[in-house]
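**Student:** Residue numbers (my numbering): 485 to 883.
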Ligand code: ADP
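(1) When you measure from the CB of residue 847 to every non-hydrogen atom of the ligand ADP, does any distance come out below 7 Å?
(2) Just verifying my parser: in three-state terms, what is the DSSP assignment at residue 524?
(3) Look at the Cβ atom of residue 807, then the Cβ atom of residue 675, and state whether they are nearer than 8 Å.
(4) DSSP on residue 670, reduced to helix/strand/coil?
(5) Apply the 10 Å Cβ neighbour rule to residue 830 and answer buried if 16 or more other Cβ atoms are within range, or exposed otherwise.
(6) State the DSSP-derived secondary structure class of residue 545, mapped to helix, strand or coil.
(7) So does residue 814 have its beta carbon nearer than 7 Å to some heavy atom of the ligand ADP?
(8) Would you kindly report the start and end of the unbroken beta strand (DSSP E) that includes residue 570?
(9) Drop a sphere of 10 angstroms on the beta-carbon of residue 533, count the other beta-carbons inside from all chains shown, and report buried for 16 or more, exposed for fewer.
(10) If you draw a straight line from the C-alpha of residue 661 to the C-alpha of residue 540, how long is it?
(11) What is the rounded straight-line gap between the Cα of residue 879 and the Cα of residue 562?
(12) Relative to the C-alpha of residue 857, which candidate in 527, 703, 739 and 679 has its C-alpha closest?
(13) Starting from the C-beta of residue 837, find all residues in its chain whose C-beta is less than 7 Å away, skip the five residues before and the five after it, and write them out in chain order.
(14) With DSSP as the reference, please indicate the residues paired to residue 859 in a beta bridge.
(15) Going by C-alpha to C-alpha distance, which of 745, 751 and 706 sits closest to residue 726?
(16) Report whether the distance from the Cβ of residue 790 to the nearest heavy atom of the ligand ADP is below 7 Å.
(17) Determine, using beta carbons only, whether residue 494 and residue 596 come nearer to each other than 8 Å.
(18) Look up residue 631 in the DSSP assignment and give the residues it is bridged to.
(19) In whole angstroms, give me the CA-to-CA distance for residue 549 and residue 560.
(20) Suppose the cutoff is 7 Å on Cβ atoms and the five residues either side in sequence are ignored; what does the same chain contact list for residue 866 look like?
(21) For residue 571 versus residue 626, is the C-beta spacing smaller than 8 Å?
(22) Per DSSP, what are the beta-bridge partners of residue 690 in this structure?
(23) In whole angstroms, what is the alpha-carbon distance linking residue 791 and residue 522?
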């Protein structure tokens, strides 16, 4: 079965066509600048072959038409008929408290995604547009929603409630939801397999441009660092991570900004870029720090210190730690960053094999020393594959 995975943003649409027979990627691509001048599609297939279409793309339906056109193209396409696509899996940001697993999309599911727009104001409308565009282009093909929040729905109330008056939870659903759930599920699932024992306490550090941590007990999420929105938690590429909420009012007052403007700064101009002034990209921040940029050094210190504190608190929350896992762009590639995070965690039983750690990039590997009490691993994430697997299982009735 061939599955098309769609990740729709407000002005972009990413796709991957996956052959479930061997889980290989047949083609993938990106439609950019939807509804903006200069829109285009970049389609990749085969051994690094690329095909671009620059054309006016007014909306997501037009973008989906273009994706199908690229997939069917006589010279560059990979399908002879649209009917070869067995199902479509959609990444959906916010499933609120309604969805603890992926689900076949029907009217009720669409309504729920719409209902949660206030909780995911940028993403849920785009996700819905992606779903509706696919329905318009291939009305007979089953579609599945895979929620970023679903994996975290097993958190106990003590982990997901905020200490605000209870009525706000009841009236407005204000609580921690957590994000990157598909990645945390994929990576912790593999970690549970590698651990091989019935009881497991695992911390997953998903460290990319957006970063989040999760504490996973016996395969189920127990706590996670992102909250009502993806702003909470560790320092990220452009997001501040957790801070005293009073900072928001104070910044607004001192800089004569609205709350929305402050939130935009905390989401888009803070974190690594805000502190270093150099870049939001970890490779650039590393380079700037190596060249002696003091603020880049500070950003790295803050980043590693913040992640370390989460590891300590989650180990305490779970009553111990069996496995510590690094994933996503930074987690999979940045050996020195991983070393910095693990420095001083020997008291918890974390002992890296420093040489092995520095040699591991983008591949699954154990990076802890033979005598480390806690196993430390790099496990590459693959959200698209996780979405495709769920989609297959749901349409074939396995789930
Ligand atoms: P997202 O999916 O959240 O956009 P990714 O998971 O792709 O992000 O991670 C992007 C981050 O990974 C960037 O900060 C990038 O600099 C970092 N990264 C990629 N390769 C390396 C590397 N070799 N060393 C350090 N950081 C790296």
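All C-beta atoms in this analysis are idealised placements derived from N, C-alpha and C, irrespective of residue type, glycine included.
**Tutor:** From the atom records:
(1) Result no, Cβ not under 7 Å from the ligand ADP.
(2) Three-state result, residue 524: strand.
(3) Contact: yes.
(4) Looking at residue 670 - three-state DSSP - the assignment turns out to be helix.
(5) Burial state of residue 830 is exposed, judged by a 10 Å Cβ sphere holding fewer than 16 other Cβ atoms.
(6) The answer is helix: DSSP assigns residue 545 an H, G or I state.
(7) Checking the Cβ of residue 814 against the ligand ADP gives yes.
(8) Where residue 570 is concerned, the enclosing beta strand (DSSP E) stretches over 569 to 576.
(9) The residue is exposed, with fewer than 16 neighbouring Cβ atoms inside 10 Å.
(10) About 37 Å.
(11) Here the alpha carbons of residue 562 and residue 879 stand approximately 22 Å from one another.
(12) The residue with the shortest Cα to Cα distance from residue 857 is 679.
(13) A distance below 7 Å between beta-carbons, with the five flanking residues on each side excluded, links residue 837 to the following residues of its chain, in chain order: 851, 852 and 853.
(14) Bridge partners of residue 859: 807.
(15) Nearest C-alpha to residue 726: 751.
(16) No - the ligand ADP has no heavy atom lying nearer than 7 Å to the Cβ of residue 790.
(17) The Cβ atoms of residue 494 and residue 596 do not sit closer than 8 Å to each other.
(18) For residue 631, which the question treats as bridged, DSSP gives the partners 576.
(19) Rounded to the nearest angstrom, the gap between the Cα atoms of residue 549 and residue 560 is 16 Å.
(20) Correct list, in chain order: 670.
(21) By the CB criterion at 8 Å, residue 571 and residue 626 fall inside the cutoff.
(22) Its beta-bridge partners are 696 and 811.
(23) Distance from the CA of residue 791 to the CA of residue 522, rounded to the nearest whole angstrom, comes to 39 Å.
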